[in-house]
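**Q**
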Amino acid sequence: MTSIIPARTAPARVRPASGSSGTGPARTVAAPLAPRARLLPSLAAVYRAQLSRARVARIPLLFVATFQSVGIMVLMRGVVDGGSEARAVVAGSSVLVVAFVALNLLAQYFGQLRAGGGLDHYATLPVPPAAVVLGAAAAYASFTVPGTVFTAITGSVLFQLPMTHLWVLVAVVPLSGAALAGLGAALGLLAPRPELATLLGQLGMSAALLLGVLPADRLPEPVGWARDLLPSTYGVEALARSFDARPDWGVIAFFLAICAGVGVLSLAVATWAYRRAAVR
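For the sequence shown, position 164 matches number 164 in our numbering, and the numbering has no gaps at all.
Now the structure itself:
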């Protein structure tokens, strides 16, 4: 089993060899210790720990997120009949489950972790900062899979959309989850107080609700620019286009690539924010 002790050397006391005429003090030599923990084993360990820790507490919240998204689709059913607007509502409501857990709850978690001194525990371990951020983000994003799939299927039935290409969720959920989780972690780590982290997480989820669920062609142009800055927008666009009778896979791949790039950027910012918060 790989040790988490940093790779360095420690002095060891060595006695003179047997039969030696000298009776002087033992001499000191350097003995190597275990190597520093690697990124992938550390990431797996943090992921398992976060998943087991948050499983009981997050399942009720996941139910709330799913119920909220389904309720929004039911309300929009009386306003939207079908076409591109129905596809936008179903896609936005499905990704909203990801935003509720990966953005809102993760911002609260890291805000409380920073305020309660929990970062000091991780700082004493030779675990790479990226492993802490990625492990927690992956654990929170994992809770969104059942709710997102259920919301997408319910919306497809409600608006009579084809479910042939719902397998696109296999790419949409992790990429949108990574982008939103990185943003949520950064908000929680950069907020000076946990109350402010909670507020920022709520505002981020509200932005995902208003800018993701409402059809883009009904938004004013300045609001449309803000929608383009939201990380979940590109996951919503990719999922919405998969409901077409003949999806343009090039456009879908383009939006997924943008979502992946935003995810890498947001996780990098979250890692930097973790380093900054851990040394204070």
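The beta-carbon is built from N, C-alpha and C at its ideal position, and this holds for glycine as well.
Nearest to V269 by CA position, among A179, A91, F143, Q108, is which residue?
**A** A179
**Q** Going by beta-carbon coordinates alone, are S156 and F255 separated by less than 9 Å?
**A** No, they are not a contact pair.
**Q** For a quick check, are the C-beta atoms of A107 and G177 less than 9 Å apart?
**A** No, the Cβ-Cβ distance between A107 and G177 is not below 9 Å.
**Q** If I follow the unbroken alpha helix (DSSP H) through A152, where does it start and stop?
**A** Unbroken alpha helix (DSSP H) run through A152: 144–158.
**Q** Determine, using beta carbons only, whether L131 and L39 come nearer to each other than 9 Å.
**A** Checking the displayed sequence, the identity of residue 131 turns out to be Ala instead of Leu. Contact flag set, yes.
**Q** With H, G and I counted as helix, E and B as strand and the rest as coil, what does DSSP make of S176?
**A** helix
**Q** Thinking C-beta only, is L187 closer than 9 Å to L211?
**A** Going by C-beta atoms, L211 is not nearer than 9 Å to L187.
**Q** Considering Cα atoms alone, identify which of C259, L239, V133 is closest to T164.
**A** T164 has its Cα closest to that of L239, out of C259, L239, V133.
**Q** If you draw a straight line from the C-alpha of D120 to the C-alpha of R275, how long is it?
**A** 11 Å
**Q** I need the straight-line Cα distance from S3 to Q68, nearest angstrom please.
**A** Residue placement at S3 cannot be trusted, given a pLDDT of 43 that sits under 50; the coordinates are not used to answer.
**Q** Here's the rule I'm using: 16 or more other beta-carbon atoms within 10 Å means buried, otherwise exposed. How should V79 be labelled?
**A** exposed
**Q** Could you tell me whether the Cβ atoms of L61 and G135 are closer together than 9 Å?
**A** Taking 9 Å as the cut-off, the Cβ atoms of L61 and G135 do not count as close.
**Q** Say whether the segment 135–147 touches the segment 93–102, bearing in mind that this needs 3 or more beta-carbon pairs closer than 8 Å, one atom from each stretch.
**A** Yes, the segment 135–147 is in contact with the segment 93–102.
**Q** V236 and G92 look like a contact to me (Cβ under 8 Å); what is the Cβ gap, rounded to whole Å?
**A** 5 Å
**Q** So, with DSSP's three-state summary, where would you put D248?
**A** Note: D248 maps to coil in three-state DSSP.
**Q** On the criterion of 16 or more Cβ atoms from any shown chain inside 10 Å, does V64 qualify as buried, or is it exposed?
**A** exposed
**Q** Measure the alpha-carbon distance for I72 versus T154 and round it to whole angstroms.
**A** Rounded to whole angstroms, the separation of the alpha carbons of T154 and I72 is 12 Å.
**Q** Taking Cβ to Cβ, would you say A45 is nearer than 9 Å to L103?
**A** no
**Q** Might you give, ordered along the chain, the residues of its own chain that have their beta carbon closer than 7 Å to the beta carbon of T66, omitting 5 neighbours on each side?
**A** Only V97, G147, F150, T151 meet the Cβ criterion.
**Q** In angstroms, rounded to a whole number, what distance separates the CA positions of A34 and P41?
**A** Residue placement at A34 is poorly supported in this model, since its pLDDT is 48, which falls under 50; the coordinates still yield a value, given next. The straight-line gap from Cα to Cα measures roughly 15 Å.
**Q** Where does D81 fall in DSSP's three states?
**A** Per DSSP, reduced to three states, the secondary structure at D81 is coil, with no helix or strand assignment.
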